[in-house]
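**Q** Per my numbering, the sequence shown starts with residue 60, numbered consecutively.
Glycine included, C-beta positions come from ideal geometry on N, C-alpha and C.
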Amino acid sequence: MNTFKLVIAVLLWIVTFWRLPAAVRRPQQRSTWLAFTGLAIATTIAIPPIALAIDTGTGINDLCVLIKNVIGVGACAAVLDLVIAMARPDLLRRSRRFIAAGSAAAATLLTVLFLQVPRQVRVDNFYEGHAASHAATGYCLTFVAYLALATAFGSWLCLGYGRKSGRSFLRAGLQILGFGLAVGTVYSLFRTSHLSARLLDLPFPMAEATAQYTADTIEYAAIFLIIIGNSLAPLGALVRAGRDWRSLRAIRPLWTSLTSAVPDIVLGTRVRRGPRIRLHRVVIEIRDAALVLSPYADAGTRERARAAARRTGLAGEALETAAQALWLRAAAEARARGAAPAPAEEPAAQASDGLDFEAEVARLRQLTAFYHSPAAEAFAAGIHEEPGAEAGAGATAAGAAADRAGLV
Numbered sequence: 060m061n062t063f064k065l066v067i068a069v070l071l072w073i074v075t076f077w078r079l080p081a082a083v084r085r086p087q088q089r090s091t092w093l094a095f096t097g098l099a100i101a102t103t104i105a106i107p108p109i110a111l112a113i114d115t116g117t118g119i120n121d122l123c124v125l126i127k128n129v130i131g132v133g134a135c136a137a138v139l140d141l142v143i144a145m146a147r148p149d150l151l152r153r154s155r156r157f158i159a160a161g162s163a164a165a166a167t168l169l170t171v172l173f174l175q176v177p178r179q180v181r182v183d184n185f186y187e188g189h190a191a192s193h194a195a196t197g198y199c200l201t202f203v204a205y206l207a208l209a210t211a212f213g214s215w216l217c218l219g220y221g222r223k224s225g226r227s228f229l230r231a232g233l234q235i236l237g238f239g240l241a242v243g244t245v246y247s248l249f250r251t252s253h254l255s256a257r258l259l260d261l262p263f264p265m266a267e268a269t270a271q272y273t274a275d276t277i278e279y280a281a282i283f284l285i286i287i288g289n290s291l292a293p294l295g296a297l298v299r300a301g302r303d304w305r306s307l308r309a310i311r312p313l314w315t316s317l318t319s320a321v322p323d324i325v326l327g328t329r330v331r332r333g334p335r336i337r338l339h340r341v342v343i344e345i346r347d348a349a350l351v352l353s354p355y356a357d358a359g360t361r362e363r364a365r366a367a368a369r370r371t372g373l374a375g376e377a378l379e380t381a382a383q384a385l386w387l388r389a390a391a392e393a394r395a396r397g398a399a400p401a402p403a404e405e406p407a408a409q410a411s412d413g414l415d416f417e418a419e420v421a422r423l424r425q426l427t428a429f430y431h432s433p434a435a436e437a438f439a440a441g442i443h444e445e446p447g448a449e450a451g452a453g454a455t456a457a458g459a460a461a462d463r464a465g466l467v
């Protein structure tokens, strides 16, 4: 079990240092960092060589137990604060007073009971070494009762809120976190039943060594699940960031082409934030450029673009996207040659106001592929030729390009 305890401690410290930068930048992340810092310290103190060093260094037998449990109380309070902030932010301010008062009362009672325990010699296991002491049993019952209440309430909030979350990683993380807290409640109830049986001198279905091993297994399983559950939401953010970077790279060629034709729509401020903000900006500037270029493609040009796209076998949204790519390419080249804009006879470029952002990005990825296809190049080159010749050439090239772009 000591090896497993060491692994859990290492994982907790990894999460603690991983969460530190976010806690410094964003106050709302500090509860998460405090929770894992407390769990990491408490688990580290429980490692036998470190526990021995604390007791011998201070000259106070079993002081490591009190330090570990008081820090554990604080970690539970931070976990509750974190869960309430996610599930019921409207209750956060009021709940903090109750959590602080309850945690302070539990820590004070633990300290008072600890001082009443006769500790003439240091023991390796506080629960077993002071089995005959009512003060020690009361100490242990106080800690596990607080732990049971905190983990049960936290589990209820996590599981309830997790079912309502729309984001898959956050939903899975909350459910695993809630299950981990539920396992923590099981640990508390197991400890309570064991201690109560010992206090009342009743038989317990396990030997002391087996009961201790079982309790440790449940405890570290709960901590492991809490680590996994709390790490899934940031992992989801990393996955989304990677997806945004790929989308940004995919539509960058379209942005470059359109903003070369309409450089005035590019914001002068340099964006140094993450890929999501950059992707939003690129999408907005592409749509703004399309609006500016819209008058350079008259009704006849748009109809010929739609006809060329239709000849490839496209239909529905894919047809409209391909047609827009064709006339946008022609409009951009017309503006670059200094052509005059035509009177606005049709609605401006498709704004996709009814679509969500992810759908718009997916559409722009298709638009980019078709905009830089041989079909669009042939259409733009032949737009000033005889309409019949242009349509045939454009349609032929568009069919081949559609296959390569994955639009048919």
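Spatial neighbours of I194 within its chain, please: CB distance less than 6 Å, with the 5 preceding and 5 following residues excluded, ordered by chain position.
**A** For the record, residue 194 in the displayed sequence is Ala; it is not Ile. Cβ neighbours of A194 beyond the five flanking positions: L172, Q175 and V176.
**Q** What residue range is occupied by the uninterrupted alpha helix (DSSP H) comprising S192?
**A** Here S192 belongs to no alpha helix (DSSP H), and DSSP marks it neither H nor E.
**Q** Would V298 be called buried (16 or more neighbouring beta carbons within 10 Å of its own) or exposed?
**A** By the neighbour-count rule (16 or more Cβ atoms within 10 Å), V298 is not buried but exposed.
**Q** What are the boundary residues of the alpha helix (DSSP H) that D415 is part of?
**A** Careful: D415 lies outside any alpha helix (DSSP H) and carries neither H nor E.
**Q** Helix or strand or just coil, what does DSSP make of K223?
**A** Coil, per DSSP.
**Q** In chain order, what residues of the same chain have a beta carbon less than 8 Å from the beta carbon of V471, not counting five sequence neighbours either side?
**A** The chain is shown from 60 up to 467; residue 471 falls before or after that span and cannot be answered.
**Q** Rounded to whole angstroms, what is the Cα-Cα separation between D357 and G232?
**A** Cα-Cα distance, rounded: 52 Å.
**Q** Quick one: using the 10 Å Cβ neighbour count with 16 as the cut-off for buried, is D121 buried or exposed?
**A** Counting Cβ neighbours within 10 Å, D121 comes out buried, since at least 16 surround it.
**Q** Mind checking which residues open and close the alpha helix (DSSP H) that includes A160?
**A** Element bounds for A160: L151 to Q175.
**Q** Can you list, in chain order, the residues of its chain whose CB lies under 7 Å from that of T427, leaving out five sequence neighbours each side?
**A** So the qualifying residues of the chain are A309, I310, P312 and L313.
**Q** Quick one: residues in its chain with C-beta nearer than 8 Å to the C-beta of C199, no 5 flanking neighbours on either side, listed in chain order?
**A** For C199, where only same-chain residues beyond five positions count, the Cβ hits under 8 Å are F185, Y186, R250 and L254.
**Q** Use the C-beta contact count for L111: other C-beta atoms within 10 angstroms, 16 or more gives buried, fewer gives exposed.
**A** Label assigned to L111: exposed.
**Q** Are the segment 344 to 362 and the segment 376 to 387 in contact at 8 Å, needing three or more beta carbon pairs?
**A** Result yes; three or more Cβ-Cβ pairs closer than 8 Å.
**Q** Taking the beta carbon of T481 as the centre, do at least 16 other beta carbons fall within 10 Å, making it buried, or is it exposed?
**A** Lying before the first or after the last residue shown, residue 481 is absent from the chain, which here runs from 60 to 467.
**Q** What three-state label does DSSP hand D357 in the structure shown?
**A** Three-state result, D357: coil.
**Q** Can you tell me which of L294, L291 and W92 puts its alpha carbon nearest to the alpha carbon of G133?
**A** Among L294, L291 and W92, the Cα nearest to that of G133 is on W92.
**Q** Would you call the segment 336 to 353 and the segment 317 to 324 in contact, with 3 or more CB pairs under 8 Å?
**A** Yes: at least three Cβ pairs fall under 8 Å.
**Q** Please report the distance separating the alpha-carbon of I475 from that of I287.
**A** The chain is shown only over 60 to 467; residue 475 falls outside these bounds and no answer can be derived.
**Q** Measuring alpha carbon to alpha carbon, tell me which residue in G301, I336, L338 and E344 is nearest L317.
**A** Of the candidates G301, I336, L338 and E344, the one whose C-alpha sits nearest the C-alpha of L317 is E344.
**Q** What three-state label does DSSP hand I119 in the structure shown?
**A** In this structure, I119 counts as coil in the three-state DSSP scheme.
**Q** Cα-Cα, which of V342, R302, L294 and L261 is closest to T315?
**A** Among V342, R302, L294 and L261, the Cα nearest to that of T315 is on V342.
**Q** Where does Q425 land, buried or exposed, given buried means 16+ other C-beta within 10 angstroms?
**A** With 16 or more other Cβ atoms within 10 Å, it is buried.
**Q** With burial defined as no fewer than 16 other Cβ atoms inside 10 Å of the residue's Cβ, what is the status of D140: buried or exposed?
**A** Under this definition D140 is a buried residue.
**Q** Taking the straight line between their C-alpha atoms, what separation do you get for P446 and A391?
**A** Model confidence at P446 stands at a pLDDT of 46, short of 50, so the residue's coordinates are unreliable; what they give is reported in the following sentence. Looking at the two C-alpha atoms, the distance is approximately 19 Å.
**Q** Relative to the C-alpha of G221, which candidate in G237, R369 and T102 has its C-alpha closest?
**A** That would be G237, whose Cα lies nearest to the Cα of G221.
**Q** Locate the alpha helix (DSSP H) running through Q88, then write down its first and last residues.
**A** From DSSP, Q88 is part of no alpha helix (DSSP H); its letter is neither H nor E.
**Q** Return the CA-CA distance between T62 and R78, expressed in angstroms with no decimal places.
**A** Answer to the nearest angstrom: the Cα atoms are 24 Å apart.
**Q** Label V69 either buried or exposed according to how many other C-beta atoms from any shown protein chain fall within 10 Å of its C-beta, with 16 as the threshold for buried.
**A** Exposed: under 16 other Cβ atoms inside 10 Å.
**Q** Distance check for R84 and K64, CA to CA, integer angstroms please.
**A** Rounded to whole angstroms, K64 to R84 spans 31 Å at the Cα level.
**Q** Applying the 10 Å Cβ sphere with the 16-neighbour rule, what's the burial state of F76?
**A** Counting Cβ neighbours within 10 Å, F76 comes out exposed, since fewer than 16 surround it.
**Q** Which same chain residues end up closer than 7 Å to A190 when comparing Cβ atoms and leaving out the 5 residues on each side of it in sequence?
**A** Correct list, in chain order: R257.
**Q** Just the C-alpha distance for A407 and F438, rounded to the nearest angstrom, thanks.
**A** Reliability of the predicted coordinates at A407 is poor, the pLDDT of 46 falling under 50, and no value is obtained from them.
**Q** Please report the distance separating the alpha-carbon of K127 from that of D183.
**A** Spanning the two alpha carbons is a distance of roughly 14 Å.
**Q** Cβ atoms of I282 and L98: under 8 Å apart, would you say?
**A** Their beta carbons are under 8 Å apart, which means L98 touches I282 by this criterion.
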